[in-house]
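Protein chains in written order, with our numbering: chain A, 4 to 116; chain B, 41 to 155.
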Amino acid sequence: DGGITQSPKYLFRKEGQNVTLSCEQNLNHDAMYWYRQDPGQGLRLIYYSQIVNDFQKGDIAEGYSVSREKKESFPLTVTSAQKNPTAFYLCASSMQASNQPQHFGDGTRLSIL
Amino acid sequence: AQTVTQSQPEMSVQEAETVTLSCTYDTSESDYYLFWYKQPPSRQMILVIRQEAYKQQNATENRFSVNFQKAAKSFSLKISDSQLGDAAMYFCAYRSLGANSKLTFGKGITLSVRP
Chain A
4 DGGITQSPKY LFRKEGQNVT LSCEQNLNHD AMYWYRQDPG QGLRLIYYSQ IVNDFQKGDI
64 AEGYSVSREK KESFPLTVTS AQKNPTAFYL CASSMQASNQ PQHFGDGTRL SIL
Chain B
41 AQTVTQSQPE MSVQEAETVT LSCTYDTSES DYYLFWYKQP PSRQMILVIR QEAYKQQNAT
101 ENRFSVNFQK AAKSFSLKIS DSQLGDAAMY FCAYRSLGAN SKLTFGKGIT LSVRP
């Protein structure tokens with residue numbers, strides 16, 4: 004079955020540590036996205052990529068980094084510069100046409116130890 | 041920049057009844073797309089329905105329909121014959137035309153269904 008796989012489901016970070024969240028899709032989608040979700044807030048865009056080896060900052064990119072070396076993969080690194088990383092992170096992908104909906108993974112819950 | 045507003049943080053509906061979730065947006069564009077997503081307790085985001093702004097006909101998907109008022113920039117979701125499985129957070133989202141466009145989400149509304 005085609006879909007988006009995020010791993011791990013739960014992740015814990017120590018102070019000063021970088022952690023990487025994985026996102027893989029086998030939908031042959033060109034575009035991929037990372038969102039952060041906090042209680043009482045909608046989804047806020049961190050980074051997105053429309054094509055391999057290219058990505059753009061979203062609305063809250065500070066303290067995060069990404070790479071897009073393969074079409075299928077779009078990992079997100081939460082760096083030590085992100086002072087409030089505790090949140091639910093969602094990865095999504097879509098065809099490039101703007102009328103196409105985004106398909107989402109099951110999310111990763113990141114907490115601070 | 042576009043903004044999406046969902047002013048009701050919570051709503052409740054009796055099973056088998058109808059409920060309408062409100063959404064307004066702000067844009068200077070004439071063509072765009074609007075979406076409603078559902079997020080159940082499992083937290084997976086599921087597309088419920090989408091509407092193209094250039095279409096006057098309101099979109100319908102089984103028990104879900106929208107009331108799209110372009111001039112008023114309003115995009116409400118109506119759920120008919122509510123079921124217990126409809127309990128979830130619902131997000132309204134806006135997307136501009138263009139391959140490089142992004143989705144802008146509202147803050148969501150929590151819908152509970154009373155048996």
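The beta-carbon is built from N, C-alpha and C at its ideal position, and this holds for glycine as well.
Note that the coordinates shown come from a computational prediction; the quantities given were computed from them, not determined experimentally.
Excluding five sequence neighbours on each side, which residues of the same chain lie with their C-beta closer than 7 Å to the C-beta of residue 175/B?
Residue 175/B falls outside the range modelled here, since chain B spans only 41 to 155, and no answer is possible.
Residue environment, residue 49/A, which counts as buried when at least 16 other CB atoms sit within 10 Å:
buried
Shorter than 8 Å from the beta carbon of residue 130/B to some beta carbon of chain A?
no
List, in order along the chain, the chain B residues whose C-beta lies closer than 7 Å to that of residue 5/A?
What residue 5/A touches in chain B: nothing, since even the nearest Cβ is about 15 Å away.
State yes or no: is the beta carbon of residue 101/B nearer than 8 Å to at least one beta carbon in chain A?
no
What number of angstroms, rounded off, separates the C-alpha of residue 125/B from the C-alpha of residue 83/B?
13 Å
Keeping to the same chain, check which residues put their C-beta closer than 8 Å to that of residue 59/A; ignore five residues upstream and five downstream.
50, 51, 52 and 53
Checking the sheet assignment: what are the DSSP bridge partners for residue 107/B?
116/B
Got a sec: is the Cβ-Cβ distance from residue 28/A to anything in chain B below 8 Å?
no
Distance between beta carbons of residue 119/B and residue 106/B, contact taken as under 8 Å
Incorrect: roughly 11 Å between the Cβ atoms, too far for contact.
With a threshold of 8 Å, are at least 3 pairs of Cβ atoms found where one atom belongs to the segment 56 to 73 of chain A and the other to the segment 44 to 56 of chain B?
no
With residue 8/A and residue 80/A assumed to form a contact (beta carbons below 8 Å), what rounded beta-carbon distance in angstroms separates them?
That belief does not hold up - the Cβ atoms of residue 8/A and residue 80/A are roughly 18 Å apart, past 8 Å.
Could you tell me if residue 6/A is buried or exposed, where buried requires 16 or more neighbouring beta carbons within 10 angstroms of its beta carbon?
exposed
Can you tell which of 43/B, 117/B, 115/B and 99/B has the C-alpha that lies nearest to the C-alpha of residue 68/B?
43/B
Please list, in chain order, the residues of the segment 85 to 109 of chain B that have any C-beta partner in chain A closer than 9 Å.
85, 86, 87, 90 and 92
Quick one: which residues of the segment 20 to 46 of chain A get their C-beta closer than 9 Å to a C-beta of chain B? List them in chain order.
33, 34, 36, 38, 40, 43, 44, 45 and 46
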